[in-house]
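Novice: Under my numbering, think of the first position of the sequence shown as 19, with each following residue one higher.
C-beta: ideal position from N, C-alpha, C; glycine also.
Just so it is clear, the structure is predicted and the values come from calculations on it, not from any experiment.
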Amino acid sequence: MAEMPALRHITSINDLTNDEIERVFALSETYLSELGDPVIPYRIARGTTTATGRILASLFYEPSTRTRLSFESAMSRLGGQIITSADPATSSVAKGETLADTVRVVSNYADAIVLRHPRDGAARLAAEYASVPIINGGDGAHEHPTQTLCDLFTLQHENKQLRDLNVAISGDLRGSRTIHSFVYALARFGANIMLMPAKGMELPAHVDQRLREEFGCRPVPKSKYRKENSAVDALYVTPDKPHQLSLNVGIEPAVDVQIRKGIDVVYVTRFQKERWAEASTDYPKIDAKFLKQSKYASTSVLHPLPRVGELDVALDSDSRAVYFRQAAYGVPVRMALIDLLIGREAGLTRYAAGFAPPSYPLYDQRRDAGIRCPNPNCITNEPLEQAYVRNRFWALPSPTPHGQRLRCIYCEADAEAAVAGHARRLDFEPVAQDHAAARGPLPQHLVFFHSEADALAAGYHPRAPRRRAAAAR
Ligand code: NCD
């Protein structure tokens, strides 16, 4: 019997290796050169047949213009067909159907599903129930990996090599899913990341922590850049050279020079009003005045769009404005991704489980009691999905001040477990500091709680000191 190719999902930019991202870009370049518009070079004008007979489903629970239409245009250019559900009011979700059921059904109607959803981590849940690849078209404030592919391709195509590129990112760094995928990728390709958040809209703590702990980013002391870059709130260099990695105080003169060489990219984002309870005041605006300093002389201005006032329309005719080309590249890039996933070029089958192999032990809470993801917008906190989703976390090696750090496998936000319970004996004790080493598979009976109060409320009682001593032996 022929071996079934492993199913592949793209829920995070980290589901793709750097090599795979480069393969997507190489194929995107081929499409641009072979099928591009002779007059408007960034526009795809002709089609091919590499996805003939294949169907792509768009399942959009949130508004979209670029992502949905460029995916659909891409599929059409590949000779494939599209089916679309873009209005929750006219689909079964209005009748109370779960996402898990919907993707199980739609999997039988299409060869891949592009999903956009307001809940963080929805793409990962969908991937657990789908029998075809799920492509995350934006899930809450979590990630938007295919936008990042477009962003990186834009820079590469505009002759900006990612290594050592100085990239400033402005606006709502907390609510913008595009930025979360983007910063991981910048770090992985060795760019320097300069954060210019609107007040109170800094990167989520877990994204910041991952940049430093998993992606080799080194924070640069403010004294090194603040004089010339007063708008920059945090700056990370992502050294690829071991001698830079081993530094523990300050930064080397070479890096210093690097930071002073100017800002190669300004990535602007809108205030994500749908993810905040209150309106924003004092939101940064990028205009010609902002860009007049010499360090911006050869910058490229990117924006995932839509813009709603934070990016001056007067910049549209400025040679540094790249955002409309960036939106146009959505077609060749998504053509390449679809083709590599389900078309004639299909080859993205590297991970048997469909995801990047996890490097941490899994804590799978098979019970009602226990810790929950603290992110209120996480798909695990969606009442409709309760029968389909369990609280599951990666047990991370770095401890928090009060116990075990856990990462939700869906939305990737961090939780903190101060207390470890025993599911059969119904007793608990504080999480030992060295628990965080998370040595190998976690015991079946283990139940983590956020706090002692939560454990008591769930009917657990403090472990007797005698048992604690025995457990320690
Ligand atoms: C982005 C999104 O939906 O996250 N739009 C897009 O896909 N290009 C950015 C945004 O909505 O601000």
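Taking DSSP's pairing of strands, which residues face Ser188 in a bridge?
Specialist: In the sequence shown, residue 188 corresponds to position 170, counting from 1. Paired residues: Met214 and Val286.
Novice: May I ask you to list the residues that DSSP assigns as paired with Asn154?
Specialist: In the sequence shown, the residue the question calls residue 154 occupies position 136. For Asn154, which the question treats as bridged, DSSP gives the partners Leu133.
Novice: When you measure from the CB of Arg84 to every non-hydrogen atom of ligand 2, does any distance come out below 7 angstroms?
Specialist: The ligand content of the structure shown is limited to ligand 1, which means ligand 2 is not among them.
Novice: For my contact list, Arg423 and Leu414 are in at a C-beta cut-off of 8 angstroms; report their separation, rounded to the angstrom.
Specialist: If you number the sequence shown from 1, residue 423 lands on position 405. If you number the sequence shown from 1, residue 414 lands on position 396. With a Cβ gap of about 4 angstroms, Arg423 and Leu414 count as contacting.
Novice: On a Cα-Cα basis, can you pick out the residue from Val319, Arg84, Gly65 and Arg195 that is closest to Ala186?
Specialist: Locating residue 186 in the sequence shown gives position 168, where the first residue counts as 1. Ranking the options by Cα distance to Ala186, first place goes to Val319.
Novice: Which one or two residues does DSSP pair with Ala438 in a beta bridge?
Specialist: For this step, residue 438 is matched to residue 420 along the sequence shown. Ala438 is bridged to Glu447 and Phe466.
Novice: Rounding to the nearest angstrom, what Cα-Cα distance links Gln179 and Leu213 in this structure?
Specialist: Walking along the sequence shown from the start, residue 179 turns up at place 161. Walking along the sequence shown from the start, residue 213 turns up at place 195. Cα-Cα distance, rounded: 20 angstroms.
Novice: Determine the extent of the alpha helix (DSSP H) in which Ile197 is found, giving its start and end residues.
Specialist: Along the sequence shown, one-based indexing puts residue 197 at 179. Its alpha helix (DSSP H) spans residues Arg195 to Arg206.
Novice: By the three-class DSSP mapping on this structure, what secondary structure does His175 have?
Specialist: As a first step, residue 175 is located in the sequence shown; it is residue number 157 there, counting from the start. Helix, per DSSP.
Novice: Let me check you understand the geometry: is the CB of Gln290 closer than 7 angstroms to at least one non-hydrogen atom of ligand 1?
Specialist: On the sequence shown, position 272 is the one that residue 290 refers to. Result yes, Cβ under 7 angstroms from ligand 1.
Novice: Measuring straight from C-alpha to C-alpha, what distance separates Gly189 and Leu309?
Specialist: For the purposes of this step, residue 189 is taken as the residue at position 171 of the sequence shown. For the purposes of this step, residue 309 is taken as the residue at position 291 of the sequence shown. Roughly 15 angstroms separates the two Cα atoms.
Novice: Among Ser76, Gly97 and Trp294, which residue has its Cα nearest to the Cα of Phe89?
Specialist: Here residue 89 corresponds to residue number 71 of the sequence shown, with the count starting at 1. It is Ser76 whose Cα lies nearest to the Cα of Phe89.
Novice: On the criterion of 16 or more Cβ atoms from any shown chain inside 10 Å, does Glu328 qualify as buried, or is it exposed?
Specialist: Taking the first residue of the sequence shown as 1, we reach residue 328 at position 310. By the neighbour-count rule (16 or more Cβ atoms within 10 Å), Glu328 is buried.
Novice: How long is the line joining the alpha carbons of Thr70 and Asp169, rounded to whole angstroms?
Specialist: In the sequence shown, counting from the first residue as 1, residue 70 sits at position 52. In the sequence shown, counting from the first residue as 1, residue 169 sits at position 151. Distance between the alpha carbons of Thr70 and Asp169 is about 28 angstroms.
Novice: Which ranges does the alpha helix (DSSP H) cover as unbroken runs of at least 4 residues, wholly within the stretch 79-116, from first to last along the chain?
Specialist: If we require 4 residues or more, the alpha helix (DSSP H) runs fully inside the stretch 79-116 come out as 84-95.
Novice: Please name the residue or residues paired with Val238 in a DSSP beta bridge.
Specialist: Looking up residue 238 in the sequence shown gives position 220. Per DSSP, none; premise fails for Val238.
Novice: Verify whether the separation of the beta carbon atoms of Asp334 and Asp305 is less than 8 angstroms.
Specialist: Within the sequence shown, numbered from 1, the residue matching residue 334 stands at position 316. Within the sequence shown, numbered from 1, the residue matching residue 305 stands at position 287. Going by C-beta atoms, Asp334 is not nearer than 8 angstroms to Asp305.
Novice: Work out the CA separation of Pro483 and Glu161 for me, nearest whole Å.
Specialist: Within the sequence shown, numbered from 1, the residue matching residue 161 stands at position 143. Within the sequence shown, numbered from 1, the residue matching residue 483 stands at position 465. Looking at the two C-alpha atoms, the distance is approximately 45 angstroms.
Novice: Starting from Gln344 and walking both ways along the alpha helix (DSSP H), at which residues does that stretch end?
Specialist: Along the sequence shown, one-based indexing puts residue 344 at 326. Start and end: Tyr341 to Ala346.
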